[in-house]
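Presented below is the structure to which this report refers.
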Amino acid sequence: MSKTLEKINQTEREYWDENKLERSKIKRLRRHAFHFSYKRQERILDKLIKKTFADKSVLELGSHEWLNWIKGKVTPKKVTCINISQAELDKGINNAKDLPFEIDFHLMDANELTFEDESFDVVYGGAILHHLDIEKTLNHVYRVLKPGGYILFLEPLNMNPVYKIYRKMNPKERTPDEHALVGADFKIIRKKFTFKHEFFDFVSVVFGFLSLKIFGDKNYGNFLNRIGYSIDVVLSKIPFLYVLFARVIIYGQKK
667 MSKTLEKINQ
677 TEREYWDENK
687 LERSKIKRLR
697 RHAFHFSYKR
707 QERILDKLIK
717 KTFADKSVLE
727 LGSHEWLNWI
737 KGKVTPKKVT
747 CINISQAELD
757 KGINNAKDLP
767 FEIDFHLMDA
777 NELTFEDESF
787 DVVYGGAILH
797 HLDIEKTLNH
807 VYRVLKPGGY
817 ILFLEPLNMN
827 PVYKIYRKMN
837 PKERTPDEHA
847 LVGADFKIIR
857 KKFTFKHEFF
867 DFVSVVFGFL
877 SLKIFGDKNY
887 GNFLNRIGYS
897 IDVVLSKIPF
907 LYVLFARVII
917 YGQKK
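For the sequence shown, position 172 (counting from the first letter as 1) is numbered 838 according to the working numbering, and the numbering increases by one without interruption.
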């Protein structure tokens with residue numbers, strides 16, 4: 667019998683409140699494999715955020731990505747942040763000082779947004795949709811967005827067979843019920859939103875692994891990581907290869 671949403675939420679809350687994840691291994695690899703793609707990711711996000719967030723009412727599904735995505739880069743009208751975990755919510759609250767915009771925080775389940783219809787111009791999140799019932803959450807996102815409102819999400823993918831094996835071999839790096847996005851999730855998004863995307867990290871993961879073995883946990887900007895990244899930029903433009911990549915930026919508007 668599959669777990670109820672209530673049970674899944676309880677597990678998610680416990681993992682984040684009690685900091686149960688063990689990610690030291692994957693973080694070492696990411697520092698190599700994602701070194702250059704993180705820079706590309708930041709450039710793309712900065713451009714999208716400056717275009718859509720300025721002087722807007724923004725909802726973050728999460729509670730502290732605003733610190734990296736928004737602070738010092740753009741001034742929204744207001745930012746509202748939610749999280750199911752009080753510990754995670756507190757991280758955002760503790761950093762919300764001396765901001766040039768209004769910001770507030772709510773302990774709330776993103777699967778069951780309680781905001782009024784058409785409350786926000788933008789809804790965004792970093793690595794959040796794959797912890798949720800995507801269809802249920804996006805129905806709420808659609809409801810609380812104003813006509814023509816924007817979505818912006820950065821998410822992991824789980825379509826490459828090698829990544830699937832890695833995930834199964836390293837279960838402590840993620841919560842038990844999270845589910846990195848697959849093609850079927852893209853179809854759900856397309857039902858209610860226009861759909862654009864940028865893919866990251868395929869060949870760079872292989873080169874990053876080699877780089878980590880050769881250089882250790884340092885010298886991330888080396889030639890191996892640069893080669894892997896450069897190949898990925900080219901391959902990411904070929905539509906049928908999207909299933910091989912590790913991460914995606916998804917953005918669009920309410921239909």
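Every residue, glycine too, gets a C-beta built ideally from N, C-alpha and C.
Contact under 8 Å by Cβ, residue i with residue j
| i | j | result |
| --- | --- | --- |
| R745 | W732 | Residue identity differs from the one stated: residue 745 is Val in this sequence, not Arg. Contact: yes. |
| H701 | Y886 | yes |
| E839 | L695 | no |
| F868 | L910 | yes |
| V788 | T860 | no |
| D721 | K743 | yes |
| A753 | H796 | no |
| F786 | K802 | no |
| N762 | V871 | Just to set this straight, residue 762 is Ala in the shown sequence, not Asn. Going by C-beta atoms, A762 is not nearer than 8 Å to V871. |
| L954 | F873 | Here the chain covers residues 667 to 921 and nothing more, so residue 954 does not appear. |
| G776 | L755 | The displayed chain sequence assigns Ala, not Gly, to residue 776. No, the Cβ-Cβ distance between A776 and L755 is not below 8 Å. |
With 16 other Cβ atoms within 10 Å as the buried cut-off, status of residue i
| i | result |
| --- | --- |
| V724 | buried |
| E726 | buried |
| V914 | buried |
| K713 | exposed |
| K857 | exposed |
| P822 | buried |
| D851 | buried |
| G894 | buried |
| I715 | buried |
| G728 | buried |
| K853 | exposed |
| F906 | exposed |
Terminal residues of the beta strand (DSSP E) in which residue i lies
| i | result |
| --- | --- |
| Y895 | Element bounds for Y895: not the beta strand (DSSP E) but the alpha helix (DSSP H), F889 to L901. |
| G918 | R913 to Q919 |
| F771 | E768 to L773 |
Close-in-space but distant-in-sequence residues of the same chain around residue i (CB under 8 Å, 5 per side omitted)
| i | result |
| --- | --- |
| M667 | Residue placement at M667 is flagged as unreliable, the pLDDT there being 44, under the threshold of 50; a coordinate-derived value is accordingly withheld. |
| E768 | K743, K744 and V745 |
Beta-carbon proximity list for residue i, same chain, < 7 Å, skipping 5 on both sides
| i | result |
| --- | --- |
| N888 | S877 and F881 |
| M825 | V848, G849 and V909 |
Same chain, Cβ closer than 6 Å to residue i, neighbours up to 5 away in sequence not counted
| i | result |
| --- | --- |
| D883 | R694 |
| E864 | I710 and I915 |
| M774 | I748 |
Backbone secondary structure at residue i - three-state DSSP
| i | result |
| --- | --- |
| P822 | strand |
| P742 | coil |
| S723 | strand |
| Y816 | strand |
| L910 | helix |
| G882 | coil |
| F865 | strand |
| L795 | helix |
| L687 | coil |
| N805 | helix |
Residue span of the alpha helix (DSSP H) that contains residue i, given as start and end
| i | result |
| --- | --- |
| T860 | Here T860 belongs to no alpha helix (DSSP H), and DSSP marks it neither H nor E. |
| K669 | Note, K669: premise wrong, no alpha helix (DSSP H); not H, not E. |
| F786 | Unbroken run through F786 is the beta strand (DSSP E), F786 to G792; no alpha helix (DSSP H). |
| E731 | Where E731 is concerned, there is no enclosing alpha helix (DSSP H), given that its DSSP letter is neither H nor E. |
| K757 | Q752 to N761 |
| I931 | Any property of residue 931 remains undetermined from this structure, which presents the chain solely from 667 to 921. |
| F702 | H701 to T718 |
| P905 | Segment: none, P905 is in no alpha helix (DSSP H) and carries neither H nor E. |
| V828 | P827 to M835 |
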